[in-house]
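All letters in the sequence shown, in the order written, are residues 2 to 131 by this note's numbering. Using N, Cα and C, we set each Cβ at its ideal position, and we do this for glycine too. First comes the structure, then the notes that go with it.
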Amino acid sequence: MSHETLSEKEKDFCRAYAGGMTAAEAAKAAGYASGSYGKQLLQKEKIRAFLAEMEKEVIPSSQKKQEGKIAPGDEILAFLTETMRGSEETDIKTRMRAAELLGRRNGAFAKEETENSRVIIIDDIGREEG
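Below, the structure is given as structure tokens:
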């Protein structure tokens with residue numbers, strides 16, 4: 002994916018998000034007025050593709066630097082997946098928490114914005130005109 006399709010603000014958001022900030026924090030750090038815009042940014046395919054590209058570049062270099070001190074992202078995801086599926090003896094609360102964390106990571110729980118519209122009800126049934 003070409004980096005030219007992203008605005009500078011979007012690139013700044015991606016860098017902040019990849020650096021460990023939450024979506025809201027990264028959106029504010031990138032200069033967006035509302036932190037809630039971070040969730041919307043994560044829904045964009047070009048943002049997700051850029052983050053995946055960054056992850057591919059960052060993980061090998063960070064693995065060299067850390068030499069196993071810190072678990073890389075794919076190892077954490079594998080651990081959460083194994084925990085959620087119950088491959089080891091874990092209680093249901095722990096498995097549910099692992100599922101929640103995986104869902105958050107994948108944007109499964111993003112709130113959909115609903116549009117408020119005005120409904121007008123005219124009750125003219127049974128009225129006699131007169």
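For the 8 angstroms CB-CB criterion, G32 and K47 do not form a contact.
Less than 8 angstroms separates the beta-carbon of Q44 from that of G108. DSSP places A27 inside the alpha helix (DSSP H), whose first and last residues are A24 to A31. For G104, the closest of A28, L78, I123 and D92 by C-alpha to C-alpha distance is L78. Counted as a single uninterrupted DSSP element, the alpha helix (DSSP H) harbouring I93 occupies residues I93 to R106.
In the displayed model, F110 falls within coil according to three-state DSSP, outside both helix and strand. Under the 10 Å beta carbon count, G20 is surrounded by fewer than 16 other beta carbons and is classified as exposed.
Under the 10 Å beta carbon count, K29 is surrounded by 16 or more other beta carbons and is classified as buried. The residues R96, in chain order, have a CB closer than 8 angstroms to that of G87 in the same chain once the five nearest residues on each side in sequence are set aside. In this structure, A72 sits away from M85, with a CB-CB distance that is not shorter than 8 angstroms.
Here Y18 is near A24, since their CB atoms are less than 8 angstroms apart.
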